[in-house]
Amino acid sequence: MASPSSSYEGHFEHSALFEFSTVINSSFDLQFILGHILLTIMGKLLSSRGAAVLRGADGTYRCEMVKGIPSGVGECALAIRTLPRGLQYIERINAQRHPWVKYFREQGLEILLPLRSESGPIGLLAFGKRGTHQRLASRETTYLRSLGNIAATAIDKCRTIAELKVVNRRLDRKIQELNTLFDLGKEFGAVLDPDKLVRLLVFSLMGQVGVHRYLVCLKDGGDMRIAASRVDGPVPQPELLSILTKVKVPVTVEEMIVTGATDPRPVLGSLGLHAVVPMALQGQIRGVIVLGEKLNRDPFTSADFEFLSALGSLAIISLENARLFKEAIEKQRMEDELLIARDIQKGLLPSVLPVVPGIDIAAANFSSKQVGGDYYDVVLLDEHRYIVAIGDVSGKGTPAALLMANMQATIRALVPLQLSLSELTARVNNLMCQNTGGDKFVTFFWGALDHRNRTLRYVNAGHNHPYLLHGDGSMERLDKGGMILGVLETLIPYEEGEVVLREGDLLVLFTDGVSEAMNPANQEYGEERLEAMVRGSGDQGARALIEAIHRDIQAHADGAPQSDDITMMVLRFLASSPGVR
């Protein structure tokens, strides 16, 4: 049976333990907890020295607090593989097997109290010799171990809460950065001017990151150009900036890996630049942000680089959207202009052909998506004669259409002069050479058709040879003439050809958009297939034959886009009365 004295002491110790636990668990300040633990146990032991050595995340034990030991002397970094199982006197520990014991002996520490929690080893508490110079009794050892267990739990809780605070601070920062990026994303998305986007990026760098030296470089074709800069000296040359496109992830200038002969780091350092952040789009580097030191002089962290990388992605996506939007607007403007030009071009072609006695005549122009330079016309020359013409200006687009319109005006102005086709062709050629400078040319065929005596005098200036199918089945190609128009001024007169036309004859004029129509296998329609259509036309009317040839061209194309205008004119010579167009 326990004596009243031992019962009283036990009650006192329990009360002291409860009070000790209440005090150290009421605080989340590690320094306060360690100080209270050391002073409590030092008071219990009547010791003048104490140290708290705690295990770090890397497994190394470091001295976090000392009492009674000069400042700085107690600093340590110990590699302790296994903590003692319980309270130990240092003199009983083999220093050869446990080299870390040397540190405690040098500090005059004799008693070790290991600290463990459910999560594992926490550290060690070490104390100097007792003021009574007596060994610890069993009851005292138990009491100190109880203090150690309470201390280990409090320290573990304190460190866990400290880690949670760090995580929360990081989380708060991430949330703030996400909110900032969200707001910036809305601002970037509302701007379609590249210059304004670059300025917005610069303001974001200065305001959110806190830098005042920077380079913003954007890829333009194969080169890098500087879109914005503020540095302490002349900006780097494009050749040096192009090296920065090899940087795939954000990095400080000092940590850049240089593989080529040119090292950009000295130049960047001399300009006060410390970090390189690539701006990538779909895995390709489209720009680079180079930054100077932060105003608070803090080093760039991984969190800074994450934010800068996200900001750079926002900026480069917005810049790419602005570029695509500009291209779309420009494309739409060009398409609108092409539509207008196509309408104008259609208006220049005769909407109604004159009725020629004894001749069924029809013509058609099937435009491609682009404005072209195909031309046809039927012009009254006098009571019995008509000019029939077809031509094809080189190239496509508005320049070809304008040249076609100019040529039409020239022909209509020269026809009333009553000159021979040879001389008229020479004049048209000379005028084109003077006005186009030789970089544009026209293939051209025209003829003076006399419906009274049914003759056709013609000149072929490098154009596709028209087909003349006679009623008896014989075929003739109209190839007399000379060189194409617009290349060289006339040195050799154009040769005139003449054919006599009879009842049942068929004349087919066409541009190279017919013969060169392509299918998906890049095979041309070809003149042989066109000739077969002409020979097999039978007694089809002029309009019906044009439509039949066009359907055959579409069947050959098999869905392939039409790359050139298709223009045809067909004349079928009847008996005595005019045919129906």
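Numbering (the working numbering), first residue to last: 268 to 848. For each residue, glycine too, the CB sits at the ideal point set by N, CA and C. Computed from a predicted structure; not experimentally measured.
Original post:
Does the distance from the CB of A693 to the CB of Y642 come in under 9 angstroms?
Top reply: As a working mapping, residue 693 is identified with position 426 in the sequence shown. As a working mapping, residue 642 is identified with position 375 in the sequence shown. No, they are not a contact pair.
Original post:
So D831 and N786 are in contact, right, with Cβ under 8 angstroms, and what is the actual spacing, rounded?
Top reply: Within the sequence shown, numbered from 1, the residue matching residue 831 stands at position 564. Within the sequence shown, numbered from 1, the residue matching residue 786 stands at position 519. Rounded, the Cβ-Cβ distance is 14 angstroms, inconsistent with contact.
**OP:** For L606, collect the residues of the same chain with a Cβ closer than 6 angstroms to its Cβ; drop the 5 residues on either side in sequence, then sort them by chain order.
**Re:** Residue mapping note: residue 606 aligns to position 339 of the sequence shown, counting from 1. Counting only Cβ-Cβ distances below 6 angstroms, and skipping sequence neighbours, we find nothing.
Original post:
For L586, which three-state DSSP category applies?
Top reply: Here residue 586 refers to the residue found at position 319 when the sequence shown is read from its first residue. In this structure, L586 counts as helix in the three-state DSSP scheme.
**OP:** Would you mind sorting Q850 into buried or exposed? The rule is 16 or more other CB atoms within 10 Å of its CB.
**Re:** Any answer about residue 850 is impossible in this case: the structure gives the chain only from 268 up to 848.
**OP:** Going by CA-CA distance only, name the one from L736, T409, I584 that's closest to L464.
**Re:** Here residue 464 refers to the residue found at position 197 when the sequence shown is read from its first residue. Of the listed residues, the one whose Cα sits closest to L464 is I584.
Subject >> Range covered by the alpha helix (DSSP H) that runs through S314 >> reply: Against the sequence shown, residue 314 aligns to sequence position 47. Looking at the DSSP string, S314 is not in any alpha helix (DSSP H), and its letter there is neither H nor E.
Original post:
Which residues bound the alpha helix (DSSP H) around N446?
Top reply: Your numbering for residue 446 matches position 179 in the sequence shown. Looking at the DSSP string, the run of the alpha helix (DSSP H) that includes N446 is 405-456.
Original post:
Among K396, P381, I422, T408, which has the Cα closest to the Cα of H303?
Top reply: As a position in the sequence shown, residue 303 is number 36, starting the count at 1. When each option's Cα is compared against that of H303, the closest is I422.
**OP:** Measure the alpha-carbon distance for S741 versus P617 and round it to whole angstroms.
**Re:** Taking the sequence shown and counting its residues from 1, the one referred to as residue 741 is at position 474. Taking the sequence shown and counting its residues from 1, the one referred to as residue 617 is at position 350. Going from the Cα of S741 to the Cα of P617 covers about 31 angstroms.
Original post:
From which residue to which residue does the alpha helix (DSSP H) around H817 run?
Top reply: Sequence index remark: in the sequence shown, residue 817 carries index 550 (1-based). Counting along the chain, the alpha helix (DSSP H) containing H817 begins and ends at 809-824.
Subject >> Where P828 falls, given that 16 or more other Cβ within 10 Å makes a residue buried >> reply: Residue numbering aside, residue 828 sits at position 561 when the sequence shown is read from its first letter. By the neighbour-count rule (16 or more Cβ atoms within 10 Å), P828 is not buried but exposed.
**OP:** Mind checking who A344 pairs with in its DSSP beta bridge?
**Re:** Start at 1 with the first residue of the sequence shown, and residue 344 comes out as number 77. A344 is bridged to R329.
**OP:** Measure the alpha-carbon distance for E331 versus L354 and round it to whole angstroms.
**Re:** Here residue 331 refers to the residue found at position 64 when the sequence shown is read from its first residue. Here residue 354 refers to the residue found at position 87 when the sequence shown is read from its first residue. Going from the Cα of E331 to the Cα of L354 covers about 20 angstroms.
**OP:** Would you tell me roughly how many angstroms separate the C-alpha atoms of F574 and P381, rounded to the nearest one?
**Re:** The residue given as residue 574 occupies position 307 in the sequence shown. The residue given as residue 381 occupies position 114 in the sequence shown. Approximately 43 angstroms, taken between the alpha carbons.
Subject >> Cα-Cα separation, S537 to M523 >> reply: Your numbering for residue 537 matches position 270 in the sequence shown. Your numbering for residue 523 matches position 256 in the sequence shown. Counting only the Cα atoms, M523 lies some 15 angstroms from S537.
**OP:** Write down the C-beta distance between G714 and R721 rounded to the nearest angstrom, noting that I regard them as a contact closer than 8 angstroms.
**Re:** Indexing the sequence shown from 1 puts residue 714 at position 447. Indexing the sequence shown from 1 puts residue 721 at position 454. The pair is not a contact, with the Cβ atoms about 12 angstroms apart (cut-off 8 angstroms).
Original post:
Near G658, what residues of its chain come up, given a Cβ to Cβ distance below 6 angstroms and the 5 sequence neighbours on each side ignored?
Top reply: Counted from its first residue, the sequence shown places residue 658 at position 391. Correct list, in chain order: Y642, V709, F711.
Original post:
Using the beta-carbon count (16 or more within 10 Å), is Q701 buried or exposed?
Top reply: Along the sequence shown, one-based indexing puts residue 701 at 434. When all chains shown are included, Q701 counts as exposed.
Original post:
Three-state secondary structure (DSSP) at V368?
Top reply: Position 101 of the sequence shown holds residue 368. Residue state, collapsed to three classes: helix.
**OP:** State buried or exposed for V622, treating a residue as buried only when at least 16 other CB atoms are found within 10 Å of its CB.
**Re:** Mapped onto the sequence shown, residue 622 falls at position 355. V622 comes out exposed.
Subject >> Unbroken beta strand (DSSP E) run spanning T703, endpoints >> reply: The count along the sequence shown starts at 1 and reaches residue 703 at position 436. Per DSSP, T703 lies in no beta strand (DSSP E) segment; the continuous alpha helix (DSSP H) that holds it begins and ends at 688-703.
Original post:
Residue range of the beta strand (DSSP E) that M742 falls in?
Top reply: Translated into positions along the sequence shown, residue 742 becomes position 475. Element bounds for M742: 742-744.
Original post:
So what does E791 bridge to, in DSSP terms?
Top reply: On the sequence shown, position 524 is the one that residue 791 refers to. According to DSSP, E791 bridges with M785.
Subject >> Test: K453 CB closer than 9 angstroms to a CB of chain B >> reply: Absent from the structure is chain B; it holds one protein chain and no more.
**OP:** Tell me where the beta strand (DSSP E) around V555 begins and ends.
**Re:** Here residue 555 refers to the residue found at position 288 when the sequence shown is read from its first residue. 551-559 is the extent of the beta strand (DSSP E) around V555.
Original post:
So is G749 buried or exposed if we call it buried at 16+ other beta carbons inside 10 Å?
Top reply: Here the question's residue 749 lines up with position 482 in the sequence shown. Looking at its Cβ environment, which holds 16 or more other Cβ atoms inside 10 Å, G749 is buried.
**OP:** Run the CB neighbour count on R426, radius 10 Å, all protein chains shown included, and call it buried at 16 or more, exposed below.
**Re:** Taking the sequence shown and counting its residues from 1, the one referred to as residue 426 is at position 159. R426 should be labelled buried.
Original post:
From T677 to A799, what distance separates their C-alpha atoms?
Top reply: Within the sequence shown, numbered from 1, the residue matching residue 677 stands at position 410. Within the sequence shown, numbered from 1, the residue matching residue 799 stands at position 532. Roughly 35 angstroms between the two C-alpha positions.
Subject >> Counterpart residues of P617 in DSSP-defined beta bridges >> reply: In the sequence shown, the residue the question calls residue 617 occupies position 350. P617 pairs with nothing; no bridge assigned.
**OP:** Compare the beta carbon distance of V514 and P545 with 9 angstroms and say whether it is the shorter of the two.
**Re:** For the purposes of this step, residue 514 is identified with residue 247 of the sequence shown, where counting begins at 1. For the purposes of this step, residue 545 is identified with residue 278 of the sequence shown, where counting begins at 1. It is a contact, given that the beta carbons lie within the stated cut-off.
Original post:
In three-state terms, what does DSSP make of L301?
Top reply: Against the sequence shown, residue 301 aligns to sequence position 34. Note: L301 maps to helix in three-state DSSP.
Subject >> Whole-angstrom distance between I820 and A656, CA atom to CA atom >> reply: As a working note, residue 656 is residue 389 in the sequence shown. As a working note, residue 820 is residue 553 in the sequence shown. Their backbone Cα atoms lie some 23 angstroms apart in a straight line.
**OP:** Please list, in chain order, all residues of the same chain as L841 whose beta carbon is under 8 angstroms from its beta carbon, the five residues on each side excluded.
**Re:** Within the sequence shown, numbered from 1, the residue matching residue 841 stands at position 574. Only G625, I626, D627, E770 meet the Cβ criterion.
**OP:** Return helix, strand or coil for H281, following the three-state DSSP convention.
**Re:** Counted from its first residue, the sequence shown places residue 281 at position 14. Note: H281 maps to helix in three-state DSSP.
Subject >> Other residues of its chain near G780: CB distance less than 6 angstroms, five sequence neighbours each side excluded >> reply: The count along the sequence shown starts at 1 and reaches residue 780 at position 513. So the qualifying residues of the chain are D831, D832, I833.
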